[in-house]
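Enquirer: Have a look at this one.
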Amino acid sequence: RKKDINDSGVKIGARELPAVTQLFTEPYMVSFLLDNSLGAWWAAKKLSSHDLATAEDEQELRDKAYVDHLPLEYLRFVKNEETESWKPAGGTFDAWPKHLSEFKMLDPCCGSGHFLVATLQMLVPMRMELEGLSEDEAIQKVLEENIHGLELDQRCVELAAFTLAFAAWTYPGSSGYRQLPALHIACSGQAIHISDDELRKLANGNHELYYALEDLRNKFEQAPILGSLIDPKSSIHQNELFSLAWEEVGPLLDSVLRKGQDDDLDEAGIVAQGLAKAAILLAGTYHLVATNVPYLARGKQDQVLKDYCDRYHNEAKNDLATVFLDRCLQFCPEGGTTTVVLPQNWLFLTSYTSFRKTLLKKETFNLIGRLGAKSFQTPMWDFNVQLFVASRETLIDDTHLFGGIDVSAPNTAEEKAKGLVEGEIKRVGQEEQLKNPDARIALEKASHELLLNDGANCMAGILNGDSPHFLKYYWELMYYSDLWSFQQTTHPNSQFFGGLTNIVYYDESEGHLREEEWIRRERLHDSDQRGQSALGRYGVAISQMRILPVTIFIGKRFDSNVAVLVSEDKFSLPAVWAYLQSSEYNEAVRRIDQKLNVTNATLVKVPFDLERWTKVAEEKYPNGLPLPFSDDPTQWIFHGHPCKSIVWDEDAKWTGFGPIRFDSTVLHVAVARLLGYRWPAEFDPKMELAKEQRALVSECEALLPFADNDGIVCIPSVGGEFSASERLLKMLKASYGDAWTDDTLSALLRNTDTSGKTLENWLRDKFFIQHCKLFGDRPFIWHVWDGLPDGFSALVNYHKLDYKKLETLIYSYLGDWIQRQKTDVAINVEGAREKLSAAQALSQRLELILEGENPYDIFVRWKSLEEQPIGWNPDLNDGVRLNIRPFMSVPDIGKKDAGVLRDKPNIKWTKDRGQDVETA
11 RKKDINDSGV
21 KIGARELPAV
31 TQLFTEPYMV
41 SFLLDNSLGA
51 WWAAKKLSSH
61 DLATAEDEQE
71 LRDKAYVDHL
81 PLEYLRFVKN
91 EETESWKPAG
101 GTFDAWPKHL
111 SEFKMLDPCC
121 GSGHFLVATL
131 QMLVPMRMEL
141 EGLSEDEAIQ
151 KVLEENIHGL
161 ELDQRCVELA
171 AFTLAFAAWT
181 YPGSSGYRQL
191 PALHIACSGQ
201 AIHISDDELR
211 KLANGNHELY
221 YALEDLRNKF
231 EQAPILGSLI
241 DPKSSIHQNE
251 LFSLAWEEVG
261 PLLDSVLRKG
271 QDDDLDEAGI
281 VAQGLAKAAI
291 LLAGTYHLVA
301 TNVPYLARGK
311 QDQVLKDYCD
321 RYHNEAKNDL
331 ATVFLDRCLQ
341 FCPEGGTTTV
351 VLPQNWLFLT
361 SYTSFRKTLL
371 KKETFNLIGR
381 LGAKSFQTPM
391 WDFNVQLFVA
401 SRETLIDDTH
411 LFGGIDVSAP
421 NTAEEKAKGL
431 VEGEIKRVGQ
441 EEQLKNPDAR
451 IALEKASHEL
461 LLNDGANCMA
471 GILNGDSPHF
481 LKYYWELMYY
491 SDLWSFQQTT
501 HPNSQFFGGL
511 TNIVYYDESE
521 GHLREEEWIR
531 RERLHDSDQR
541 GQSALGRYGV
551 AISQMRILPV
561 TIFIGKRFDS
571 NVAVLVSEDK
581 FSLPAVWAYL
591 QSSEYNEAVR
601 RIDQKLNVTN
611 ATLVKVPFDL
621 ERWTKVAEEK
631 YPNGLPLPFS
641 DDPTQWIFHG
651 HPCKSIVWDE
661 DAKWTGFGPI
671 RFDSTVLHVA
681 VARLLGYRWP
691 AEFDPKMELA
701 KEQRALVSEC
711 EALLPFADND
721 GIVCIPSVGG
731 EFSASERLLK
741 MLKASYGDAW
751 TDDTLSALLR
761 NTDTSGKTLE
771 NWLRDKFFIQ
781 HCKLFGDRPF
791 IWHVWDGLPD
801 GFSALVNYHK
811 LDYKKLETLI
821 YSYLGDWIQR
831 QKTDVAINVE
841 GAREKLSAAQ
851 ALSQRLELIL
861 EGENPYDIFV
871 RWKSLEEQPI
881 GWNPDLNDGV
891 RLNIRPFMSV
901 PDIGKKDAGV
911 LRDKPNIKWT
921 KDRGQDVETA
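Residue numbers for the sequence shown follow my numbering, beginning at 11 and rising by one.
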């Protein structure tokens, strides 16, 4: 149900909230939080100063704190740097009651009772030890005096109550099934309905009391969505309940709730608490609040929940998780402690800056366990979470240190659990966190040296709002008009040049997308105009996900998936580049921000050792950073040569000619050239390139005579032309020149998964699927065939395939092949009849495409009806994704859903979130 609700896109209200936010808490999370709060309190009482001073390690202390059925396996200790004495890493919680009979614990989102049961199992042996009680006596007192639970969902309340009772009945040494005291567990999610007249009667003429009761009534009416967020002691009018004491209002609220509750509420058996009980629990205070809070981003909340969070938890409102953290701290008296599982992004996101500052100033942080992703055993629950222990007391000691442990690197819950026990606990100053950029909370000692943003700007890139319309790979066009601009994007790993694959439909003269002004203003908020100040400048393009790979930015447009850092005079670009492409940069960023995608503002809020990285740059790049070069045919700066290369020469510290290439791209570049394709650098003599790169561009001119004029090359010999393999071989030999040997072709075929076979085998069976993969499933060389392994096959340059060229393919090339098969049929050549039938079937399908009747037409969502192409008259500006559809939509020749193509590109037409124009 959770998946169904999330997929539906509805705002989360009372009906959806329980299903969406319920989350099983891993046992190791519960144990770590309770061991380092309640367990730490116990250790402070149990261990002597001699124990703490003389213990060899943490395990020795855990052993000494042990009593039967209280293992404390996750309890952590740290050494005082001055005294060398141990102390609990989470603190000693001296403000808690000295006697457990006065201690109160609450789980306000108790679910099925995991925290409640774990607390019971810790408190029973403690009270047995401290008070000399039997198992039954200790259980009785713990249930009567210590444990409290609230839950939004009535079904979970019943489950939690049974789970807690079952734990009491089955506790080792207890007398088994027996009558238990009333459990302090109630449903906080049941609404009440009571009239204004009844409220006035209860207020008995006291206007302040009436308004207080009215406010409370209004809150409890929204209980199904607010649940434990309801604080009966607060009011929308003031932070306190007028001038009234709770003692005056509480009994009347009890009357209100009892009048408003359903008659059959008490039928819940063991959980018979009722709304009045829930109100008592909601108004209470607790020395320990322990829970796994619900997670729900503000954008998914319905308006009722949004408004409430905005009014009562404004600084924490961006996620229900932080709102609940705020509420959990409110449940605590001075010195009380909250220990919770919650997402960790509030530690670093800019939207929580004010919330962080408030907590850092007003509360005391005890311990943070950063778990990261893969913390839950259930794969669908993959959240970046943390374990957080904090106490409700204003920080008065500016030297206070809190503990932090980071186990985000391991990829399984088991490894993370082990790391929480064995990993290093770092101690960082709480007040020092306020000096971090945006008061981000880091588990490393803060560095207040130069930051990157002291000498560099980091800019966000273009948002276009409709990528199928505005964004293409550059190879989807060959001849560029001023309608398109190059746009740099992400690259999977750090290297000098990468991410140079895209073009964007952009008006350079006006500086915005080619889109209606009102759409750019109202929907995009002018985000299509971002990054203007980086144009024409070199910098660093930072991919904003995962390990933050970097490439050199070359001054073109860039998209919103990369942030571009441009250094000012204070920092040299080589020094900045040396730092950013090192692993230290990613580590520094991840210390302050663990979100999967990091904002451009955050990327420059890390320390930068200018002197050190300037020296590194002087050693690695004494001549400066290189000008653009690449042997990757998917980059628009590619030189276009099939087999020659440009490399970074470590000896010369500059670019140089590299070894002859035999990699898998060689054959693909040669085929593209054979079909008449040329790379952007070949058309633009002003494109800034490394000197050697430009030299290879010039060398490609010698290969132009080998290119086909009409962009159609048949794999078998057709129409008096040589076969494709013969023509390709001539192209390859000309490319290699004197470097061609008898072994060259074998090496090329081996590197393209065609070892031991012929060049024609590769062209027929492997080329097209590899071409699709290499060029992002936007192929520009199409392989049309008749379905037979030795039948008609033609490679077609999509850029040249207009109406007349398709006619040429059908009636000249395929027509010649059909006529040949008819001749062979007449003289009884074996297999000729099958080839004739297959070729005629192909011809019929291609004629359907030529005519372009529905469903074999091209439909362009963003064009009006009058602008739609009639017949096969594609506009290359619409992109391969749309224009290839007729070729894949006609009845299949061979592969399923491939139409007349040799293989099926991974192209779908169902996931397009744009909207049709009104006249389409």
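Using N, Cα and C, we set each Cβ at its ideal position, and we do this for glycine too.
Could you check the C-alpha separation between D1 and Q498 for me, to the nearest Å?
Expert: Lying outside 11 to 930, the shown extent of the chain, residue 1 is not represented and no answer is given.
Enquirer: Could you tell me whether the Cβ atoms of L462 and L575 are closer together than 9 Å?
Expert: In contact: L462 and L575 (Cβ atoms closer than 9 Å).
Enquirer: Using beta-carbon positions only, say whether L352 and Q396 come within less than 9 Å of one another.
Expert: Yes. Within cutoff.
Enquirer: Under 9 Å, do M697 and P638 count as touching if we go by C-beta distance?
Expert: Result yes, Cβ atoms of M697 and P638 sit closer than 9 Å.
Enquirer: Which value, in whole angstroms, describes the spacing of the CA atoms of H535 and W494?
Expert: Their backbone Cα atoms lie some 21 Å apart in a straight line.
Enquirer: For a quick check, are the C-beta atoms of L541 and R524 less than 9 Å apart?
Expert: Residue identity differs from the one stated: residue 541 is Gly in this sequence, not Leu. For G541 and R524, no; Cβs fall outside 9 Å.
Enquirer: If you measure between the beta carbons of F778 and R912, is that distance less than 9 Å?
Expert: Contact flag set, yes.
Enquirer: Assign T332 to one of three DSSP states: helix, strand, or coil.
Expert: T332 falls in the helix class under three-state DSSP.
Enquirer: Given a cut-off of 9 Å on the beta-carbon distance, is the pair I552 and I647 in contact?
Expert: No. Outside cutoff.
Enquirer: Drop a sphere of 10 angstroms on the beta-carbon of P242, count the other beta-carbons inside from all chains shown, and report buried for 16 or more, exposed for fewer.
Expert: P242 should be labelled buried.
Enquirer: For E621 and N394, what's the separation of their Cα atoms in angstroms?
Expert: Those two C-alpha atoms are separated by around 35 Å.
Enquirer: Pick helix, strand or coil for E154, following the three-state DSSP scheme.
Expert: The answer is helix: DSSP assigns E154 an H, G or I state.
Enquirer: Helix or strand or just coil, what does DSSP make of A588?
Expert: Helix, per DSSP.
Enquirer: Comparing C-alpha positions only, which one of R547, S593, P559 and V599 sits nearest to L583?
Expert: Of R547, S593, P559 and V599, the residue nearest in Cα terms is R547.
Enquirer: Would you call the stretch 66 to 78 and the stretch 117 to 132 touching, i.e. three or more CB-CB distances under 8 Å?
Expert: No: fewer than three Cβ pairs fall under 8 Å.
Enquirer: Would you kindly check if the distance between the Cβ of F358 and the Cβ of D603 is under 9 Å?
Expert: Yes, the pair counts as a contact, with Cβ atoms nearer than the cut-off.
Enquirer: Could you please give me the residues that DSSP links to V657 through a beta bridge?
Expert: G666, per the DSSP bridge assignment.
Enquirer: Name the two residues that bound the continuous alpha helix (DSSP H) containing W792.
Expert: Per DSSP, W792 belongs to no alpha helix (DSSP H); it is in the beta strand (DSSP E), I791 to W795.
Enquirer: Expressed to the nearest angstrom, what Euclidean distance is found between the alpha-carbon atoms of V417 and R437?
Expert: Cα to Cα, V417 sits roughly 15 Å from R437.
Enquirer: Quick check on DSSP: helix, strand or coil for A700?
Expert: The answer is coil: DSSP assigns A700 none of H, G, I, E or B.
Enquirer: Is it buried or exposed for K814, if we count other Cβ within 10 angstroms and need 16 for buried?
Expert: It is exposed - the Cβ of K814 has fewer than 16 other Cβ atoms within 10 Å.
Enquirer: Taking the alpha carbon of S185 as the reference point, which residue from A148, E224, A201 and L339 has its own alpha carbon closest?
Expert: For S185, the nearest C-alpha among the options comes from A148.
Enquirer: Between S401 and G345, how many whole angstroms is the CB-CB distance? I'm expecting something under 8 Å.
Expert: Right, the Cβ-Cβ distance comes to about 6 Å (below 8 Å), so this counts as a contact.
Enquirer: Starting from R895, trace the alpha helix (DSSP H) in both directions and tell me its first and last residue.
Expert: R895 to S899 is the span of the alpha helix (DSSP H), which, as asked, contains R895.
Enquirer: Just grab the DSSP bridge partners of A466 for me.
Expert: In the DSSP output, where bridge partners are listed per residue, A466 has S577.
Enquirer: Helix, strand or coil: how does DSSP classify H618 here?
Expert: Looking at the sequence itself, residue 618 is Phe, so the reference to His does not match. Of the three classes helix, strand and coil, the one that applies to F618 here is coil, per DSSP.
Enquirer: Work out the CA separation of V550 and F334 for me, nearest whole Å.
Expert: F334 and V550: Cα-Cα distance of roughly 40 Å.
Enquirer: Taking its Cβ as the centre, do 16 or more other Cβ atoms sit within 10 Å of G573, making it buried, or is it exposed?
Expert: Going by the sequence as given, residue 573 is Ala instead of Gly. A573 is buried by the Cβ-count criterion.
Enquirer: If we ignore side chains and look at the alpha-carbon of each, how far apart do E532 and K873 end up?
Expert: Looking at the two C-alpha atoms, the distance is approximately 21 Å.
Enquirer: Please state the DSSP three-state secondary structure of D274.
Expert: Summary for D274: the model assigns pLDDT 42, below 50, so the residue's position carries little reliability; its value from the coordinates is reported in the next sentence. Residue state, collapsed to three classes: coil.
Enquirer: Would you kindly work out how many angstroms separate the C-alpha atoms of D673 and K371, rounded to a whole number?
Expert: The alpha-carbon atoms of D673 and K371 are separated by roughly 60 Å.
Enquirer: Along the chain, where does the beta strand (DSSP E) that runs through Y515 open and close?
Expert: N512 to D517 is the span of the beta strand (DSSP E), which, as asked, contains Y515.
Enquirer: Do the stretch 439 to 452 and the stretch 508 to 523 meet, that is, are 3 or more Cβ pairs less than 8 Å apart?
Expert: No, they do not touch.
Enquirer: Roughly how many angstroms separate the alpha carbons of A749 and A470, rounded to a whole number?
Expert: Taking the straight line joining both Cα atoms gives about 46 Å.
Enquirer: Which partner residues does I552 have in the DSSP bridge list?
Expert: For I552, which the question treats as bridged, DSSP gives the partners V560 and A573.
Enquirer: The beta strand (DSSP E) with Y483 in it runs from where to where?
Expert: Start and end: L481 to Y483.
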